[in-house]
Each structure stands twice: as structure tokens, then as C-alpha cells.
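Counting in our numbering, the sequence shown runs from 137 upward without gaps. Even for Gly, the Cβ is constructed at its ideal location relative to N, Cα and C.
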Amino acid sequence: MSSPSDSTAPLSTPLPAPPSAVAEPTAADFDHAIQGAAFAVLDQFAIVDATGADAASFLHSQLTNDIESLASGAARLAGYCTPKGRLLASLLVWRTGETIRMLASADLAAGFVKRLSMFVLRAKAKLADVTASHVAVGIVGDATQALSAIFPALPDTVHGVVTGEAGDLIRVPDAVGGRARFVWIAARAQFDAHAPVLAGAVAQVPAAIWDWLDIHAGEPRITAPTLEQFVPQMINFEVLGGVNFKKGCYPGQEIVARSQYRSTIKRRAMLVHVNAPARAGEEIFDASEPEQPCGMVVNAAPARDGGADCLVEIKLASIDSPSIHLGSANGPALAFLAQPYTLPTEQ
């Protein structure tokens, strides 16, 4: 499946060429994100719009979170599941004017839009991938002065949204020592008009730095290699507020609710480091049970000192194992890192 961003036109603003999402970050890139301020053009994401009088009610019937009550000035995580409760997409959802906008993994956007559109039927709703005409930018660190010159105010709570003539600015969970993070979504003309202010004050880094920050914030992203692999709770999605258990039905709702209320959650997502390259979809193994995998890499990104930092989905029974490995029971060993949030006590 091709990415919607493959056809994106070059930015007209005289900025440095955006580092590729697959570019290997340098130590200086990590330092900018950890100690100073940095921004990245997030070409690993697609921007999908839902418009029409029934857009909110339609999405409410399809996604894991409450979309009908979603007000301007706030964003929410949400998932899109199969009837068996397996995630087809993980989304950040918010309102911008009369539009409900969603941020999704670029490699899934075409399939996501196509599948959702099949169920619109008579609803007054239309879905469109607008990535080609818009830009998503991630900002981390001490960028208050630059952002204040672009937006009338800054959102001061996680998932708060400020909308202005420069587009939408969304506060997302902090990462790595409480560093503030924002996502700026803008039409290309809006971005071109304001990007020099950001570029003049904040270092540009590869998009892989943003993936690393997301991993350290414990935020999973469903991508093509992990399509239909996880019920939301297996990757801590309900802990992050991505599931509303009081709303009405949606595809997979019965399975997701049963996992929650019948204490059948036997897997969780954990933060780990491995001294080797890693990629989403790779299986992990408990050396004490080498015949079958005990989990899977959800997301991976190059780590500052080599190797990779990852979110891995793993059986709870294997978390205390002294020997978890990537790829096979004889593969590189995983080292568990401190979780960025507390998980519920499983029964």
C-alpha cells in the first residue's frame, strides 16, 4: 500500500530539505530534542478529514472513543477495530471548524478511508485523505517563543487544541524528562507563511526522532506490520484514554468490553531497549518457552546510543522473565525500561 505522502509536493518555504522519516538520527538530533528544542515534518502520518452533517455520529458508531461529545479545543485518541476487536488503525481525533480531523499512520490511510467509506451508506458524511494539501509537524522542547509568535495561545493541557489562522496546535503527552510536545497541523499555505518563524528558532530533525519520543511517551501507533494484531488493551490504549467503555456499539465493542470487564487482559505494551536494529511486527521470545513467541514489537526507533528503543506487546506471564529476545529465543536480548505511566493491576 502506498503512502499518501508519496505524492506530497515539496514545501515552497525556503527551509532545509526535511530529513526523511527513515533517516538515521544523529547524536545532535537527540540533543536538540532532549536538551533544546526541535521540530520534525511528520511524513509518517496522514491527515484524514470527515465532513458532513452526520460526520460525528458516523465516526461515533465506528471508533472506540466518544466522538459525538468531542468539543472544539480538545483532541482524543481513538481506535478503529475489526468485528473481532483487533485494531485496524490508531488515531488522534479533533474538530477544526466544521471538520472532524484525524491523524493516522500514513501506510494505512488509503485502506482506512476506503473501509470506513464503505459503511457511510445514507449518512451525510464524507471521508477524504488531505495529506497532499496539508502538513503535520511535531515540536518538542523549549519552543514557546516561536510558537507564541505563530499561535494566539498555546494549549496547556494534554490533548488541548488551539486553532488559529496558522492551523491547529495540539498538545500531546510529554516525553523524556517532561519535555513539552505539540503537533501542528496546517494547510500548506498556512505552513509556508509561518514555518520560517519556527525554523529560525528551532532545530529541524528527522521524523524518526518523533517516533522515538512517542515510544518513550508509551504511545503506540498501528502501522501496516501490526494491522489486526492487537485488541486495544494489549497495547495500553485504554490507559491512554483511547477507549470509552460507556459509549454505544462500534465494530469489535463486545470483544473490547469483555476483555476489560472479565479480566481477560493477559498482554500489555512495555518499553524496552535492544542492542540491535528492530522493526514493528517482529516477534519476541521468552527463552524459557522458545517454541512460540511471547509478543511482538509494536513500534521501534533508533536509540541515541545505538540499537533501538521499542514498545513491545508481551504476555504478562513473561514480563518477569530474565531472558526475552528479539526474533528468536537466541536473538538479541531485550532490556526493560521504566514505563512512562502506571498500568492497571491485572486480575
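Cβ-Cβ distance between T362 and A416 below 8 angstroms: With a cutoff of 8 angstroms on beta-carbon distance, T362 and A416 are scored as near each other.
Anticipated Cβ contact below 8 angstroms, L349 with V276, distance rounded: 6 angstroms
Exposure of A164, with buried meaning 16 or more beta-carbon neighbours within 10 Å: exposed
Beta-carbon spacing of T187, T235 below 8 angstroms: yes
Those residues which DSSP pairs with S241 across a bridge: F181
Contact check, G303 vs Q326, beta carbons under 8 angstroms: yes
Which of helix, strand or coil DSSP assigns to F287: Residue state, collapsed to three classes: coil.
Among L244, A344, S284 and A225, the one whose alpha carbon lies nearest that of R440: A344
Collapsed DSSP secondary structure at G247 in the structure displayed: helix
Continuous beta strand (DSSP E) stretch holding V273: start and end: Bounds of the beta strand (DSSP E) holding V273 are H270 to G277.
C-beta atoms of T299 and I183 nearer than 8 angstroms: Contact check for T299 against I183 fails: the beta carbons are separated by 8 angstroms or more.
Chain-order list of residues whose beta-carbon lies under 6 angstroms from that of I170 (same chain, five-residue window excluded): In the same chain as I170, and ignoring 5 residues on each side of it, the C-beta atoms closer than 6 angstroms to its own belong to V312, in chain order.
Straight-line gap, S464 to F366 (C-alpha atoms, nearest Å): 20 angstroms
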